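In this note's numbering, the protein residues as written are 65 to 298.
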């Protein structure tokens with residue numbers, strides 16, 4: 065009799081403990097602390113995929129910015145200052161250009177290709193604009209992230225449109241003297257065209273496209289309007 069009562073008490077206590085743990089996890093969302101032990105049971109597969117994509121976007125943008133500085137040293141000849149600017153873009157250092165720090169992604173991207181940008185360094189403007197675009201599109205500032213349905217598919221579509229526009233302008237926009245603003249896919253001494261920049265942008269676009277499909281179920285042809293200008297993501 066006593067054994068049966070004890071077993072019943074243990075079962076009730078265990079059930080209550082599990083319920084409390086899950087409730088705490090849900091309230092906290094898929095934060096780093098909970099991802100370690102509870103991600104498999106609390107966070108959906110779509111969350112893991114999208115979170116991975118955001119991390120990859122950051123890596124690719126950093127690679128793109130590094131390559132652009134190497135190909136376009138006119139925007140920042142000093143290698144140490146380049147690294148300081150890259151760190152600033154990814155919040156690993158201090159503010160470099162206070163006058164553009166609070167601009168939204170579409171405003172930064174517009175400045176990167178403007179005839180008279182607010183700052184001379186177009187590479188920095190482009191890099192910060194792309195990084196902020198990812199933050200705005202995926203709402204990375206939120207502390208609770210349990211399902212991909214929390215991401216606004218409209219934001220991802222506008223982010224995709226801006227990425228397409230940036231990719232096109234990188235290869236085509238020139239200054240008043242007809243010189244390309246950014247040297248990217250130029251031919252090397254062997255005659256082969258360097259497609260590294262194209263590959264980076266294509267990878268980011270493909271991941272955003274997949275996330276749009278994952279979020280809203282749109283067909284892969286992305287049947288929505290692509291703008292010819294940079295638009296506000298948020």
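Note that the Cβ used here is the ideal one computed from N, Cα and C, for glycine as well.
Given the structure is predicted, the values throughout are model-derived calculations rather than measurements.
Could you give the residue range of the alpha helix (DSSP H) that holds residue i?
i, result
"residue 214", "It is not in any alpha helix (DSSP H) - residue 214 carries neither H nor E in the DSSP assignment."
"residue 265", "260-280"
"residue 112", "109-135"
"residue 158", "Taken as a continuous stretch (DSSP letters only), residue 158 belongs to no alpha helix (DSSP H), as it is neither H nor E."
"residue 189", "186-202"
Given this structure, state the Cα-to-Cα distance separating residue i from residue j, to the nearest angstrom.
i, j, result
"residue 187", "residue 277", "31 Å"
"residue 218", "residue 181", "28 Å"
"residue 156", "residue 195", "13 Å"
"residue 242", "residue 298", "34 Å"
"residue 134", "residue 248", "10 Å"
"residue 293", "residue 170", "9 Å"
"residue 178", "residue 191", "15 Å"
"residue 175", "residue 143", "23 Å"
"residue 158", "residue 132", "21 Å"
"residue 115", "residue 271", "11 Å"
"residue 160", "residue 136", "19 Å"
"residue 125", "residue 264", "8 Å"
"residue 183", "residue 214", "36 Å"
"residue 267", "residue 273", "10 Å"
"residue 151", "residue 129", "11 Å"
"residue 245", "residue 225", "21 Å"
"residue 239", "residue 230", "16 Å"
"residue 259", "residue 113", "27 Å"
From this set, the options, which residue's C-alpha is nearest residue i's C-alpha?
i, options, result
"residue 223", "275, 178 and 234", "275"
"residue 111", "148, 152, 203 and 193", "203"
"residue 216", "139, 279 and 291", "279"
"residue 140", "189, 124, 109 and 172", "189"
"residue 296", "161, 259 and 197", "197"
"residue 291", "260, 227 and 130", "227"
"residue 200", "172, 246 and 260", "172"
"residue 221", "153, 269, 129 and 161", "269"
"residue 127", "240, 138 and 154", "154"
With DSSP as the reference, identify every bridge partner of residue i, one or two as the case may be.
i, result
"residue 167", "DSSP output for residue 167 lists no bridge partner at all."
"residue 172", "Bridge partners of residue 172: none, in fact."
"residue 244", "238"
Report whether the distance from the Cβ of residue i to the nearest heavy atom of the ligand ATP is below 7 Å.
i, result
"residue 124", "In terms of ligand content, the structure shown is empty, and the ligand ATP therefore cannot be addressed."
Do the region 119-128 and the region 165-179 meet, that is, are 3 or more Cβ pairs less than 8 Å apart?
-> Look at the beta carbons and you see the region 119-128 not touching the region 165-179: under three pairs across the two are nearer than 8 Å.
For the region 135-153 and the region 228-235, state whether three or more C-beta atom pairs, one from each stretch, are separated by less than 8 Å.
-> no
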